[in-house]
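Residue numbering for the sequence shown follows our numbering, beginning at 1 and increasing consecutively.
Just so it is clear, CB atoms sit at the ideal spot from N, CA and C, and this is done for glycine as well.
Predicted, not measured: the structure shown is a model, and the values here were computed from it.
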Amino acid sequence: MDLFGSELVPQRAAALRYPGAKWSIAPRIVQEFDDHYHYVEPFFGSGAVFFSKTASGHELINDLNGLATNMFRVLRDRTDDLCWALEATPWAREEYDQSHLVTGDELEDARRFVVRCWQAHASDLAKKTGWKNRGRSQRAGGMSVRWQKVPEQLRFVAMRLQDAEIENRPALEVIRRFNSHDVLIYADPPYLPSTRTQKMYAEEMTEQEHIELLEALLAHTGPVVLSGYANELYSSMLASWRVVELTPPKVEKGAARTEVLYVKR
């Protein structure tokens, strides 16, 4: 139900190449959302689900990674400045190396964060993985051609962000702040460490932190949709919630996993 007439952001316009990004299954996740006015997403990441849903009256997006939220704020508020800066940015090893250095300038840090997400060898924000060399793919255009299209694609993203409230707070603080029956929460936390083989995120969560998250979501009086891999902890604590299994493309090398949604209405 589109109450506010917004256009969806096409998958090709993904702002960031991000670990755990759910562009391929985001439309299916959105199908589990009830009609809503207030929408809160405490683990925003690349925003795949947010950009795949129509706008609602009040939307708050939050992430603990300050570089990511800075990029989205700059993209929303200084769209032309950021896109022009990216248009002048080549696909180059030097750019990738510099992208890991924080300058304190909001615009420059936003530009560098986009470079880091796109030009890294793997979409892993937990460590420096190396520059994605164009190599043989350059004969067919390769990643450098895709990179040239990023500024134009980001303009689609910026339009969708115009009315969104962007926060950089601990997720539990945001969830508890908006504990109301008319607030839909979509939570996509870092995968439980026991369900994967390596670190993937700039901001990880321990098992105890997952327990505290589940307790906060159980206490939320409105609807909740939670993403994760199937695991005993979630199944035990959320036994009364509806479970929906989804099969996305591989997230880690050699690991075809089934994404699970835990739904409370």
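Out of the options, point me to the one whose CA is closest to residue i's CA.
i    : options                : result
R76  : I185, L107, T103, H100 : L107
D109 : R160, G66, S46         : G66
Q31  : T258, L233, V224, L238 : V224
N231 : Q98, N133, L217, E207  : E207
L82  : R160, V115, D34        : V115
Q162 : R28, R78, R111         : R78
D80  : S227, R177, E152, L233 : E152
L60  : N133, E209, R160, S227 : R160
S144 : Q98, H100, E87         : E87
N133 : D97, S46, R155         : D97
Quick one: residues in its chain with C-beta nearer than 6 Å to the C-beta of residue i, no 5 flanking neighbours on either side, listed in chain order?
i    : result
I211 : none
S6   : Reliability of the predicted coordinates at S6 is poor, the pLDDT of 48 falling under 50, and no value is obtained from them.
T258 : E245, T247
D2   : Because the pLDDT at D2 is just 38, under 50, the model does not fix this residue reliably, and the value given afterwards should be weighed accordingly. Excluding residues within five positions, the ones whose Cβ falls inside 6 Å are T54.
S235 : none
P27  : S52
Looking at residue j and residue i, is the spacing between their C-beta atoms short of 7 Å?
i    : j    : result
D182 : H38  : yes
A48  : W23  : yes
M237 : L214 : yes
R112 : A85  : no
For residue i, I'd like the list of residues in its chain whose CB is within less than 8 Å of its CB, leaving aside the five on either flank, ordered along the chain.
i    : result
H58  : Y37, H38, Y39, E165
N62  : V40, E41, P42, F43, F44, T69, I166, E167, N168, R169, A171, V174
Y271 : Here the chain comprises residues numbered 1 to 265, so residue 271 is not present and cannot be evaluated.
Which residues in the same chain as residue i place their Cβ atom closer than 7 Å to its Cβ, once the five residues preceding and following it in sequence are excluded?
i    : result
H220 : I175, N179, I185
V263 : E32, V225, W241, R242, V244
T103 : D109
A216 : L172, I175, R176
E95  : T89, V115, Q119
R155 : T79, C83
Spell out a yes or no on whether the region 55–75 and the region 234–242 are touching, meaning 3 or more CB-CB pairs, one atom from each, closer than 8 Å. Flag = no, the region 55–75 and the region 234–242 do not touch.
I'd like to know if the region 82–93 and the region 147–155 are in contact, where contact means that at least 3 CB-CB pairs between them fall below 8 Å. yes
Give the list of continuous beta strand (DSSP E) stretches no shorter than 3 residues that lie fully inside the region 17–68. Within the region 17–68, the runs of beta strand (DSSP E) that reach at least 3 residues and sit entirely inside it are, in chain order, 38–41, 58–62.
Tell me the start and end of each unbroken alpha helix (DSSP H) in the region 156–209 that is at least 4 residues and wholly inside, in chain order. 171–177
I'd like the ranges of any alpha helix (DSSP H) spanning at least 4 consecutive residues and lying wholly in the region 78–105. 79–87, 93–98
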